[in-house]
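Chains A and B, in that order, give the protein sequences.
Numbering of the first sequence is given in my numbering, commencing with residue 708 and proceeding in unit increments.
Numbering of the second sequence is given in my numbering, commencing with residue 151 and proceeding in unit increments.
Backbone N, C-alpha and C define an ideal beta-carbon position, used for all residues, glycine too.
Being a predicted model, the structure only gives us computed values, none of them experimental.
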Amino acid sequence: MDKHLNNNEERLFDLLDQKDFDQLTAAEKAFVETHFSQAEYRLQRQMISESASLYETPSEAQPLVIPAKGNSFIGITIPLYQALIGIAATITLFLSIWPDQDEKTGAPNNKPALSRTDTIIQTKIIRDTVIRYKNYRNHEHTVQPRSASDEQFLAAQMRFLEANALELPDIVEELNRPAGNSLSNDPTSERLLKSTYQSDAK
Amino acid sequence: MGIFHKHIAQYTDEELMKEVIRNHSSLAITELHRRYSRKLLGYFIKMLQRDEDTANDFVQELFLRILEKKHLYDPEKRFYTWLFTIASNMCKTAYRRSPIVALSHDAHELQRHTVHGDDLAEKNRFKALLKESLDQLEHHHKTVFVLRYMEQFSLNEIADITETSLGTVKSRLFYATKKMTEHLKAFDPTYESTFFKLN
C-alpha cells in the first residue's frame with residue numbers, strides 16, 4: 708500500500724509530471740534542487756517523455772466477431788442478482804402457500820406432544836354422512852282390515868310371534884345345521900309343524 | 151439500419167452505447183470497436199507483455215464482455231473511461247492467474263553491445279532498460295504509469311479507471327517513477343541518487 712504524499716512530494720510530483728527542467732522557474736528550480744540533482748530530474752523527465760514512444764503502434768486489430776443471438780434463455784440475459792432475487796421470491800411464495808407440507812408428508816417431528824387444552828366440550832355434532840330412508844306407501848295395494856274379526860286375528864298372530872321370539876335363535880341354529888336328516892327325524896321340521904298345528908287349533 | 155438517423159460516425163460513444171443497451175445493436179458495437187480496438191490492442195500488449203495475437207483475443211473478449219455487461223454502463227460517465235476500466239480489470243485478472251516475469255537484460259551486457267557515442271544505439275539501450283524497468287514494476291504501479299505516460303489519460307480519469315482516489319494515483323505514479331529511476335541508474339554512470347533528501 709502506497710502512503711499518501713506529503714506537500715513537498717506532491718509539489719515535486721506535479722513539476723515532474725508537467726515540466727522539463729528548463730521550463731522551471733528560478734524558484735521551482737531552487738525547490739527541485741533541494742531534493743534532486745539536476746541530472747536526476749532530467750533523467751526522470753526523459754523517462755517520462757520516452758515512455759510515450761516506447762512501444763510501436765500496433766497494426767489494426769482483428770475485426771469483431773459477434774456470436775449469434777439466442778444462445779441464452781429466450782434470447783435475453785439478466786444479471787446474476789436479478790436471477791437470485793427471482794429464485795428467493797419463488798421459494799418464499801412456495802413456502803407461504805404450503806406451510807405445513809412436512810406434516811402432510813409425514814416427516815418425523817421431534818417436538819414432544821403437548822396438549823394445550825384440558826377439556827373439550829362438544830357443542831355441535833357434525834355428521835359427515837346422513838342416510839335418509841324414505842317410506843313409500845302404495846295406497847292401491849294397502850290391505851285394510853275388513854272387519855273386527857280380522858283385527859283380532861292379526862293381534863293374535865302378533866302375540867304368538869312375540870311369545871315365540873325367544874325360540875327363534877334355536878330355529879336359526881337348526882336351519883344352519885348341515886342337511887342329511889329325514890323329515891321325521893328333523894327337529895326343525897317337527898317344531899314348525901307343531902307350531903302350525905297349535906295356531907290352527909287356536 | 152433505420153434506427154440511425156445520421157451517419158454512424160457522427161454519433162458520440164455514449165449515444166452508440168445507449169443504442170447497444172436498447173437494441174443490442176451490432177452496428178453500434180462494431181463502430182465502437184472500430185474506434186478503440188487499436189488503442190486497446192496497444193494497451194494489452196504493454197500491460198501483458200504478450201504477442202499481438204493474444205492481445206487481439208483480449209480485445210475480442212473485452213467487446214463481448216461489453217455486450218454481456220451493458221446494463222452496468224452508467225450513461226452519465228464517459229464510455230472511454232469505462233472501456234479502460236474493464237480492460238484494466240482484465241489485465242489484473244490475467245496478472246493474478248499468471249504473474250508476468252520480466253525478462254531481465256543485464257545492463258552491463260546491454261552496454262557492451264553498444265558502441266559508445268552512437269546516439270541511436272544509446273537511445274535503443276535506454277529504451278530497452280526503460281521497458282525492463284516498466285516490466286519489473288508491481289502491477290498497480292505499472293497500470294498507472296502506462297495509463298498516464300503511454301495512454302495519456304488525465305489523473306482524474308486514471309482515478310476513475312482504477313477506482314481509487316486522486317491521491318492514491320499520484321502516490322502510485324510517484325513511487326513507480328522512483329523505482330524505475332533506480333533501475334535506470336545503470337544507464338548513467340555519473341548518476342548519483344540524491345532522491346528525496348528529506349526522507
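What in chain A is Cβ-close to residue i, meaning under 9 Å?
i              : result
residue 160(B) : Those within 9 Å of residue 160(B) in chain A number zero; the least Cβ separation is about 20 Å.
residue 188(B) : 764, 765, 766, 767 and 768
residue 168(B) : Here the premise fails: no neighbours, minimum Cβ distance about 18 Å.
Is the shortest distance between the beta-carbon of residue i and the beta-carbons of chain A less than 8 Å?
i              : result
residue 300(B) : yes
residue 233(B) : no
residue 172(B) : no
residue 257(B) : Caution applies to residue 257(B), whose pLDDT of 49 falls short of 50 and renders its modelled position unreliable; the value that the coordinates give is listed next. Judged by the 8 Å Cβ criterion, residue 257(B) is not in contact with chain A.
residue 276(B) : yes
residue 122(B) : This structure leaves residue 122(B) out entirely; chain B is present only between 151 and 349.
residue 227(B) : no
residue 303(B) : no
residue 264(B) : Because residue 264(B) sits at a pLDDT of 46, beneath the cut-off of 50, its placement in the model cannot be relied upon, and the following sentence gives the value as read from the coordinates. It does not; no Cβ of chain A falls within 8 Å.
residue 293(B) : no
residue 289(B) : no
residue 243(B) : no
residue 331(B) : yes
residue 196(B) : yes
residue 238(B) : no
residue 176(B) : yes
residue 165(B) : no
So which residues on chain B does residue i lean against when the C-beta distance must stay under 7 Å?
i              : result
residue 772(A) : 210
residue 710(A) : 321
residue 716(A) : 324
Which class does residue i belong to by DSSP, given the choice of helix, strand or coil?
i              : result
residue 229(B) : helix
residue 256(B) : Unreliable placement is indicated for residue 256(B), whose pLDDT of 49 sits below 50; the coordinate value is still reported in the next sentence. Coil at residue 256(B), not helix or strand.
residue 199(B) : coil
residue 798(A) : helix
residue 894(A) : helix
residue 171(B) : helix
residue 766(A) : coil
residue 739(A) : helix
residue 308(B) : helix
residue 296(B) : helix
residue 771(A) : coil
residue 837(A) : coil
residue 903(A) : helix
residue 711(A) : coil
residue 156(B) : coil
residue 745(A) : helix
residue 216(B) : helix
residue 186(B) : helix
residue 866(A) : helix
residue 334(B) : helix
residue 161(B) : coil
residue 264(B) : Here the model assigns residue 264(B) a pLDDT of 46, short of 50, so the residue's position is not dependable, and the following value carries that caveat. Residue state, collapsed to three classes: coil.
residue 720(A) : helix
Mind checking whether residue i and residue j have CB atoms under 8 Å apart?
i              : j              : result
residue 291(B) : residue 242(B) : no
residue 280(B) : residue 334(B) : yes
residue 716(A) : residue 303(B) : no
residue 197(B) : residue 296(B) : yes
residue 238(B) : residue 311(B) : yes
residue 759(A) : residue 299(B) : yes
residue 221(B) : residue 786(A) : yes
residue 286(B) : residue 772(A) : no
residue 194(B) : residue 200(B) : yes
residue 178(B) : residue 169(B) : yes
residue 906(A) : residue 867(A) : yes
residue 248(B) : residue 711(A) : no
Of all the CB atoms in chain B, is at least one closer than 8 Å to the CB of residue i?
i              : result
residue 762(A) : yes
residue 726(A) : no
residue 768(A) : yes
residue 791(A) : no
residue 723(A) : yes
For a contact meaning CB atoms closer than 9 Å, what does residue i contact in chain B?
i              : result
residue 720(A) : 320, 321, 323, 324 and 327
Please compile the residues from chain A whose C-beta is within a distance smaller than 7 Å of the C-beta of residue i.
i              : result
residue 334(B) : 750 and 754
residue 202(B) : 765
residue 183(B) : 771
Note down, in chain order, every chain A residue with its Cβ under 8 Å from the Cβ of residue i.
i              : result
residue 280(B) : 754, 757, 758 and 761
residue 206(B) : 768 and 769
residue 221(B) : 786
Can you find a C-beta in chain E that's less than 8 Å from the C-beta of residue i?
i              : result
residue 179(B) : In summary, chain E is missing from the structure at hand, where the protein chains are A and B.
Taking 8 Å as the cut-off, does the stretch 736 to 749 of chain A touch the stretch 715 to 725 of chain A (at least 3 CB pairs, one atom from each stretch)? yes
Could you say if the stretch 198 to 206 of chain B and the stretch 759 to 769 of chain A meet the contact criterion of at least three C-beta pairs nearer than 8 Å? yes
Counting pairs of beta carbons, one from the stretch 312 to 325 of chain B and one from the stretch 789 to 804 of chain A, are three or more of them closer than 8 Å? no
Contact between the stretch 754 to 766 of chain A and the stretch 729 to 738 of chain A: three or more CB pairs below 8 Å? no
Using a Cβ distance threshold of 8 Å, determine whether the stretch 747 to 755 of chain A contacts the stretch 174 to 190 of chain B, with at least three qualifying pairs required. no
Evaluate the contact criterion for the stretch 321 to 335 of chain B versus the stretch 223 to 234 of chain B: three or more CB pairs, one atom per stretch, below 8 Å. no
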